[in-house]
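Participant: One structure, as structure tokens, below. Some questions next.
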Amino acid sequence: DSGVTQTPKHLITATGQRVTLRCSPRSGDLSVYWYQQSLDQGLQFLIQYYNGEERAKGNILERFSAQQFPDLHSELNLSSLELGDSALYFCASSVGSGGFSYNEQFFGPGTRLTVL
Amino acid sequence: GENVEQHPSTLSVQEGDSAVIKCTYSDSASNYFPWYKQELGKRPQLIIDIRSNVGEKKDQRIAVTLNKTAKHFSLHITETQPEDSAVYFCAANNDYKLSFGAGTTVTVRA
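Shown next, in the form of structure tokens:
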């Protein structure tokens, strides 16, 4: 158990819908990262938040957005869902913000999203 | 941005033999290189990492080497065991994010 929690574990929805994935970082970690992992694919970085502020952005679609709240939990919102959005979505956390002094990222168990 | 290439994509080894996975990166500013192991349906877990101020690091049967000049780093697993079967990802930091390689599926044959 990494200490990072994600809910829900599984999510099945229809095309065109909107869903929200939730992540709670490890105690003491200020950074939250979101990744997408499609079937047989690697880990695609989506976005990072550090202490409530967006710090880095990857290949995140405009239909996707995220935020980090004062209690440091984060939510990833996916809207106008398409079949191709079906994937495993991981959240990870680290104590620092990254940059020059990088810290280990601890991954949560993931949310499996299926879009029908 | 950072581009991390990982080879091979699949690797099958006999139990007890060694496994080597190689990665190259493009950003000369990268200074942190972790390796993650992901078992089927599970989360990626860090198995070893190396920073740019060292050339090699070992942890029991696992070692990582880094060649900053050539911009490549490698994972070495010795005396492989069935529980080493998994997907392994290398990564390199780029600004505030990690860029991951495409992964290597390692199968250890009994």
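So the protein sequences, as listed, match chains R and W.
Residue numbers are given in my numbering: position 35 of the first sequence equals residue 35, and the series is strictly consecutive.
Residue numbers are given in my numbering: position 48 of the second sequence equals residue 164, and the series is strictly consecutive.
Built from N, CA and C at the ideal position, the CB exists for glycine as well.
What runs of the alpha helix (DSSP H), each 4 residues or longer, lie entirely inside the region 84 to 116 of chain R?
Facilitator: Counting only runs of 4 or more, we get nothing.
Participant: Grab me the residues of R:Leu83's own chain with a C-beta within less than 6 Å of its C-beta, minus the 5 sequence neighbours each way, in chain order.
Facilitator: As a first step, residue 83 of chain R is located in the first sequence; it is residue number 83 there, counting from the start. Here the set comprises Val115.
Participant: Since R:Ser147 and R:Asp1 are thought to touch, with beta carbons under 8 Å apart, how far apart are those beta carbons, to the nearest angstrom?
Facilitator: An answer regarding residue 147 of chain R cannot be provided, because it is not within the stretch 1 to 116 covered by chain R.
Participant: Three-state secondary structure (DSSP) at W:Glu289?
Facilitator: Coverage of chain W is limited to positions 117 through 226, which leaves residue 289 of chain W absent and any answer about it impossible.
Participant: Is it right to say W:Leu222 is buried, meaning 16 or more other beta carbons lie within 10 angstroms of its own, or is it exposed?
Facilitator: Working through the second sequence from its first residue, we reach residue 222 of chain W at position 106. Residue 222 of chain W is actually Val in this sequence, not Leu. Counting Cβ neighbours within 10 Å, W:Val222 comes out buried, since at least 16 surround it.
Participant: Just the Cα atoms here: how many angstroms apart are W:Asn183 and R:Gln105?
Facilitator: Here residue 183 of chain W corresponds to residue number 67 of the second sequence, with the count starting at 1. Here residue 105 of chain R corresponds to residue number 105 of the first sequence, with the count starting at 1. One C-alpha to the other measures close to 23 Å.
Participant: For a contact defined as C-beta to C-beta under 7 Å, what are the partners of W:Gly171 on chain R?
Facilitator: Along the second sequence, read from residue 1 onward, the residue named residue 171 of chain W stands at position 55. Here the premise fails: no neighbours, minimum Cβ distance about 18 Å.
Participant: So is R:Ala56 buried or exposed if we call it buried at 16+ other beta carbons inside 10 Å?
Facilitator: Position 56 of the first sequence, counting from 1, holds the residue named residue 56 of chain R. Classification for R:Ala56: buried.
Participant: Assign W:Pro160 to one of two classes, buried (16 or more other C-beta atoms within 10 Å of its C-beta) or exposed (fewer than that).
Facilitator: Against the second sequence, residue 160 of chain W aligns to sequence position 44. Answer is buried; the Cβ neighbour count reaches 16.
Participant: Does the beta-carbon of R:Ser38 have 16 or more other beta-carbons within 10 angstroms, so that it is buried, or is it exposed?
Facilitator: Counting from 1 along the first sequence, the entry for residue 38 of chain R is found at position 38. Flag for R:Ser38 reads exposed.
Participant: Assuming R:Cys23 and R:Gly108 are in contact, meaning their beta carbons sit under 8 Å apart, how far apart are those beta carbons, in whole angstroms?
Facilitator: Indexing the first sequence from 1 puts residue 23 of chain R at position 23. Indexing the first sequence from 1 puts residue 108 of chain R at position 108. So it is a contact: roughly 6 Å between Cβ atoms.
Participant: So with Cβ pairs under 7 Å, would you call W:Lys213 a contact of chain R?
Facilitator: Indexing the second sequence from 1 puts residue 213 of chain W at position 97. Yes, its Cβ sits closer than 7 Å to a Cβ of chain R.
Participant: Does the beta carbon of W:Phe216 sit closer than 7 Å to a beta carbon anywhere in chain R?
Facilitator: To locate residue 216 of chain W, count along the second sequence from 1; it is residue 100. Chain R, which has a Cβ nearer than 7 Å to the Cβ of W:Phe216, makes this yes.
Participant: Please report the distance separating the alpha-carbon of W:Ala218 from that of R:Asn59.
Facilitator: On the second sequence, residue 218 of chain W is found 102 positions in, with the first residue counted as 1. On the first sequence, residue 59 of chain R is found 59 positions in, with the first residue counted as 1. One C-alpha to the other measures close to 15 Å.
Participant: Quick check: the region 77 to 91 of chain R against the region 10 to 22 of chain R, are there 3 or more CB pairs under 8 Å?
Facilitator: As far as the Cβ criterion goes, the region 77 to 91 of chain R touches the region 10 to 22 of chain R, which means the pair count is three or higher.
Participant: When the cut-off is 7 Å and only beta carbons count, does W:Asn119 lie next to chain R?
Facilitator: Position 3 of the second sequence holds residue 119 of chain W. So no, W:Asn119 is outside the interface.
Participant: Reducing DSSP to helix, strand and coil, say where W:Asp165 ends up.
Facilitator: The sequence position of residue 165 of chain W within the second sequence is 49, counting from 1. If DSSP states are grouped into helix, strand and coil, W:Asp165 belongs with the strands.
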